[in-house]
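If you read the sequence shown in the numbering used here, its first letter stands for residue 25, the second for the next number, and so on. Every residue, glycine too, gets a C-beta built ideally from N, C-alpha and C. As structure tokens, the structure follows; a few thoughts come after it.
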Amino acid sequence: MVMAPSSVLLVVASLLLSSIPILDGHGLELGGDDGLYREILRDETVSRLRELGKISDGEGFLERTFLSPASIRATHVIISWMKDAGLTTWIDQMGNIHGRYERSNSTDNALLIGSHMDTVIDAGMYDGALGIVCAISALKVLKVTGKLERLTRPVEVIAFSDEEGVKFQTTFLGSAAVAGILPESILQVSDKSGTTVEDVLKLNSFKATAAALGQVKYSPESVGSYVEVHLEQGPVLEALRYPLGVVKGIAGQTRLKVIVDGSQGHAGTVPMKLRRDPMVAAAELVVTLESLCKEPSRFLTYDEECGCFTEESLAGLVCTVGELLTWPSASNVIPGQVNFTVDIRAMDDVVRETIVASFSRIVMQRCDDRLVDCAVEHKHSAPATPCDAELTTQLELATRSAVSAMTPPSIGGGQRRAEPTPVLMSGAGHDAMAMARLTKVGMVFVRCRGGVSHSPEEHVAEDDVWAAGLALLRFVDQTVVAEL
25 MVMAPSSVLL VVASLLLSSI PILDGHGLEL GGDDGLYREI LRDETVSRLR
75 ELGKISDGEG FLERTFLSPA SIRATHVIIS WMKDAGLTTW IDQMGNIHGR
125 YERSNSTDNA LLIGSHMDTV IDAGMYDGAL GIVCAISALK VLKVTGKLER
175 LTRPVEVIAF SDEEGVKFQT TFLGSAAVAG ILPESILQVS DKSGTTVEDV
225 LKLNSFKATA AALGQVKYSP ESVGSYVEVH LEQGPVLEAL RYPLGVVKGI
275 AGQTRLKVIV DGSQGHAGTV PMKLRRDPMV AAAELVVTLE SLCKEPSRFL
325 TYDEECGCFT EESLAGLVCT VGELLTWPSA SNVIPGQVNF TVDIRAMDDV
375 VRETIVASFS RIVMQRCDDR LVDCAVEHKH SAPATPCDAE LTTQLELATR
425 SAVSAMTPPS IGGGQRRAEP TPVLMSGAGH DAMAMARLTK VGMVFVRCRG
475 GVSHSPEEHV AEDDVWAAGL ALLRFVDQTV VAEL
């Protein structure tokens, strides 16, 4: 068959156009035929993580706490990225940032994807931010490929305003408000300077009332599931030489504040036998806590048949004293008061609660022995959180698909890998713990170098960022995008 000249020209033009990479409005190639979208899911995502990592209240280190000036600057940047992905944006009365795509007349419950935008002091740039930016990037790919219009459910990205609890020593302010489990009393919680949550909210033009908190809450009927991408903050994935893992559950955690009051005095004139020194008592208690959690079987009994906790139930138990404050904190003064924090985590809630009770009892005994006054304040408690089995299976399939689709250099050499995705427990707390009170949750972990987190040394390889974004994209594509 002989084609007309005009038809030949159309075929040639079509072939030429098919070989030209499609670019978005910023000159980024949209992925071509391989479906890996490297320019968005890796290059742009990494660039945005670095940009967010420079927005800090600290000089020479990363610090971005609840509704701080840096947090407000970061909010504007995140909103611009959400809009770039085609999302409708708003900020709720707890400072959480929302970006949502919803088809007209949609009534189905939403898929929420999120993580936190706040940091610890002297932080790395991936904790929290990785989950936010990967989610935005995945939805941007759906936008540029025309798939946003085919969503069968609303999809919403949330950047939570506070998860770390640095300023007010209470975690999950942002996600707990969305989940509807944040008590009205939180408004009167104060930081070390006496500034309350209510003060900070009003300073940033939020209403700071019980009614306003109620507006932040989502109804369970409006939400179908919550998914979070987060760096592992541990060494397991690196040891397995695998970029991604899925989480089957999150350890429960309790935070305590121990207050030890003694007699302040002159370091040179008070005899040792007449001292009521809270520093020495606090030091003894810190060492006792370490022994209690290193060798709990020496202190605890639970199972009436075996006379002990099982080895499995004790797995993952960790206890930490992260902060110790003295007053008046002078080299030539016996302190009058010492305060220290205690963080206790375990996969088994009975173990955690027993450790808390045992340590509290020991505190009172040791303080009586040393003639000092002690109090144990409970600052935070959260039960262990299992991830939804169906979501976990779907995320497993998506992560395996993403990793096997990437070229060998992207996953550390060797042949394409189709091994089962590692399934892990999380010893760290995440916004998913609060969101589990609202809906079913699932999580993906991303390999980090050396298992280091909460540190400037925190690092995720660029190709692992890419793998995380691709896995999230495939999960959304496979679960909430309608087929043509």
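So, Cys472 versus Glu256, is the Cβ gap smaller than 8 Å? yes
Could you check where the alpha helix (DSSP H) with Asp223 kicks off and where it finishes? 221–227
Taking DSSP as the reference, what is the three-state secondary structure of Lys403? strand
How would you write the range of the beta strand (DSSP E) that Gln361 sits in, first residue to last? 361–370
Is the separation between the beta-carbon of Asp58 and that of His478 shorter than 8 Å? no
Within the continuous beta strand (DSSP E) that includes Gln277, where are the two ends? 276–285
Around the C-beta of Ala291, are 16 or more other C-beta atoms found within 10 angstroms, so that it is buried, or is it exposed? exposed
If you draw a straight line from the alpha carbon of Met457 to that of Val362, how long is it in whole angstroms? 31 Å
What's the gap between the Cα of Ser428 and the Cα of Ala134? 29 Å
Entirely within the stretch 62–102 and at least 4 residues each: give me those alpha helix (DSSP H) ranges in chain order. 69–77
Would Thr114 be called buried (16 or more neighbouring beta carbons within 10 Å of its own) or exposed? According to the sequence shown, residue 114 is Trp rather than Thr. The residue is exposed, with fewer than 16 neighbouring Cβ atoms inside 10 Å.
Taking contact to mean at least 3 C-beta pairs separated by less than 8 Å, is the stretch 175–182 in contact with the stretch 77–88? no
May I ask you to report which of helix, strand or coil DSSP gives Ser249? strand
Check for me: the alpha helix (DSSP H) holding Cys472 runs from which residue to which? Looking at the DSSP string, Cys472 is not in any alpha helix (DSSP H), and its letter there is neither H nor E.
Spatial neighbours of Ala234 in its chain, beta-carbon cut-off 8 Å, leaving aside the 5 residues before and after: Glu208, Leu211
Using a Cβ-Cβ cutoff of less than 6 Å, which residues in the same chain neighbour Arg62 once the five nearest sequence positions on both sides are dropped? none
Name, in chain order, the residues that DSSP records as bridge partners for Cys343. Ile368
In the DSSP output, what is Pro410 paired with across the bridge? Gly273
Across which residues does DSSP place Tyr125 in a beta bridge pair? Val179
Give the straight-line distance between the Cα atoms of Phe184 and Ser95, rounded to the nearest whole angstrom. 11 Å
DSSP beta-bridge partners for Val505? Leu175
Just to confirm my understanding: we take Asp373, look at its own chain, exclude 5 residues before and 5 after, and list those with CB closer than 8 Å. What are they? Gly276, Pro407, Ala408
Closest by C-alpha distance to Glu262, when choosing among Val505, Val484, Lys171: Val484
For Pro320, I'd like the list of residues in its chain whose CB is within less than 8 Å of its CB, leaving aside the five on either flank, ordered along the chain. Phe333, Leu338, Leu341, Val375, Ile379
Can you tell me whether Asp393 is buried or exposed? The criterion is at least 16 other CB atoms within 10 Å of its CB, across all chains shown. exposed
Whose C-beta lies closer than 6 Å to the C-beta of Glu482 among residues of the same chain, with five residues either side of it excluded? Gly148, Tyr150, Val476
Are the beta-carbon atoms of Asn228 and Gly123 separated by less than 8 Å? no
In angstroms with no decimal places, state the Cα-to-Cα distance between Leu462 and Tyr250. 9 Å
Between which residues of its own chain and Val310 is the CB-CB distance below 6 Å, once the five residues before and five after are set aside? Val345
May I ask you to report which of helix, strand or coil DSSP gives Val310? helix
From His454 to Val387, what distance separates their C-alpha atoms? 29 Å
For Thr293, which of Ile358, Glu245, Ala200 has the nearest alpha-carbon? Ile358
Limits of the beta strand (DSSP E) - the one that Leu348 falls within: 348–351
Quick check: what's the CA-CA separation for Leu60 versus Val70? 15 Å
Do Leu136 and Glu87 count as a contact pair if the criterion is CB distance below 8 Å? no
Using the three-state DSSP reduction, which class does Gly198 fall into: helix, strand or coil? helix
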